[in-house]
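Residue numbers (the numbering used here), protein chains in the order written: chain A, 6 to 86; chain B, 6 to 86; chain C, 15 to 154; chain D, 15 to 154.
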């Protein structure tokens, strides 16, 4: 069992952070995102427009706890078509 | 100069009358159409749904006089598409 | 004002894909194409064969329709064609295509082009049913 | 319920004419096909190149979108495809096609299919401009 959370970043979020995947410590989602903003200042501009998946399910409350072994997907606003 | 009016019949109007073109005597349009109904009883069912051109221009009043040498087009409701 | 790239009343088969490509353009972000196709049933009856007949003014009426739609909507291009003569089940009787810069207007403009064509174009559809009866559509 | 004849998120070019033909059917009186194409300008700037990226769930999301539209409208068939990867100016990024018995619903259903796809499909458009700047669309 991994001790960390995998954060998968897409499109503008990946571009802001410079990585597709990060391994971070567990915690509340808002806490994890706050740590990302501290480490990658460009992410602050993108984060408010993103939605999130926790283990594949849409997150409606950023206070949700994210345990070790979980996966978070960071999805900027879609722009298909 | 012809002494008659050419009546051009299309689609259901032609089918009801059995001719594409008839030569008829001049008169008011309503009068001409009444004579056609008398001669071709099946035309009575179609006539109320038709619109008419007099020398290529849409007719708004069936009382309009149609002189010798004129052309009347009898147009059933359109059904394109 | 929109490029009017095709206005045609023809006894040759219509190719919706080709007509759709006609309105394509590097400035166009959206293309909407409508095909009105001949069905094998009408009001529950089996259609055996179908023919379209046109008044001699059909070409010029369709040009007027295209001009009116081009003036009412902000289009890049439009194309419209109607088939005449005998037509097989499944074939397109009417094809209308528009392209626009953004997608907002494209559906509305194409629908208006179809509606105005059906309202104004002097053409008539004659159906023969499998039971041998026939009808001039809209004139029962 | 409608036949769902194509749901595809692909890095191969889309052929709107072929996708439109997929929804054709002897029962269908109307086909409406939408193509969202890559433009050479966006907000007045010249677009040099463009790429679409997708989330791994894009295929299953597009299936859900197709199912939802199939259940909301009285369709004969529908097809929807989205392009991924680098894409040339003028190429189709999104193609959506529906067929219906009568034409009433066809425009509304196709527009709803396009709107729902754009709202839900997790794909992202990256534009590079002729001046060397770039942007992730909707994320400026």
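Beta carbons: idealized from backbone N, C-alpha and C, even for Gly. Computed from a predicted model, the values in this text were never measured in an experiment.
- Put simply, the backbone Cα of residue 131 of chain D is about 45 Å away from that of residue 147 of chain C.
- Taking a contact to require three or more Cβ pairs closer than 8 Å, the stretch 110 to 125 of chain D and the stretch 15 to 29 of chain B do not qualify as touching.
- Each residue's CA atom was taken as its position, placing residue 28 of chain A and residue 40 of chain A some 12 Å apart.
- Between the stretch 42 to 49 of chain D and the stretch 29 to 38 of chain C there are three or more inter-stretch CB-CB distances shorter than 8 Å, so the stretches are counted as touching.
- By the neighbour-count criterion, in which a residue is buried when 16 or more other Cβ atoms sit within 10 angstroms of its Cβ, residue 114 of chain C is buried.
- Residue contact with chain D for residue 152 of chain C: absent (no Cβ-Cβ distance below 9 Å to any residue of chain D).
- Judged by DSSP secondary structure, residue 130 of chain C falls within the alpha helix (DSSP H) whose first and last residues are 118 to 134.
- A residue is called buried when at least 16 other Cβ atoms come within 10 angstroms of its Cβ; residue 26 of chain C does not meet this threshold and is exposed.
- At a Cβ-Cβ threshold of 9 Å, residue 109 of chain D and residue 72 of chain D do not count as neighbours.
- As the crow flies, the alpha-carbon of residue 112 of chain C is around 4 Å from that of residue 92 of chain C.
- When 9 Å is used as the limit between beta carbons, residue 77 of chain C is near no residue of chain B, the shortest such separation being about 15 Å.
- Exposed is the label assigned to residue 102 of chain C, since fewer than 16 other Cβ atoms lie within 10 Å of its Cβ.
- Residue 60 of chain D counts as exposed, since fewer than 16 other beta carbons sit within 10 angstroms of its beta carbon.
- Within its own chain, the residues whose Cβ lies closer than 7 Å to the Cβ of residue 54 of chain A, once the five positions on either side in sequence are excluded, are 81, 82, listed in chain order.
- Between residue 77 of chain D and residue 107 of chain D, the gap from beta carbon to beta carbon reaches 9 Å or more.
- Partner residues in the beta bridge of residue 32 of chain B, as assigned by DSSP, are B:71.
- Around the beta carbon of residue 65 of chain A, fewer than 16 other beta carbons lie within 10 angstroms, which makes this residue exposed.
- Burial check for residue 80 of chain D: the Cβ neighbour count within 10 Å reaches 16 or more, so the residue is buried.
- In this structure, residue 104 of chain C lies near residue 51 of chain C, with their beta-carbon atoms less than 9 Å apart.
- Identification of residues in the stretch 133 to 145 of chain D having a C-beta nearer than 8 Å to some C-beta of chain A yields 133, 134, 135, 136, 137, 138, 139, 140, given in sequence order.
- Within a 10 Å sphere around the beta-carbon of residue 84 of chain B sit 16 or more other beta-carbons, which makes this residue buried.
- Residue 123 of chain D is outside the set of residues whose beta carbon lies under 9 Å from a beta carbon in chain A.
- Remark: C-beta atoms of residue 38 of chain B and residue 59 of chain B do not approach each other more closely than 9 Å.
- Looking at the backbone, the Cα of residue 62 of chain D and that of residue 99 of chain C are separated by about 47 Å.
- Across the structure, residue 8 of chain B and residue 70 of chain C are spaced so that their CA atoms are roughly 24 Å apart.
- Around residue 44 of chain D, the beta-carbon contacts reaching into chain C at under 9 Å are 48, 49, 50, 51, 128.
- The residues 134, 135, 136, in chain order, have a CB closer than 7 Å to that of residue 75 of chain D in the same chain once the five nearest residues on each side in sequence are set aside.
- Looking at C:38, C:20, C:68, C:67, the one whose alpha-carbon comes closest to that of residue 116 of chain C is C:38.
- Residues of chain D with a Cβ closer than 8 Å to the Cβ of residue 83 of chain A are, in chain order, 132, 133, 134, 135, 136, 137, 138, 152.
- Residue environment: residue 151 of chain C is assigned as buried (16 or more neighbouring CB atoms within 10 Å of its CB, all protein chains considered).
- Closer than 9 Å to the CB of residue 55 of chain C there is at least one CB belonging to chain D.
- According to the DSSP assignment, residue 81 of chain B belongs to no beta strand (DSSP E), since it is labelled neither H nor E.
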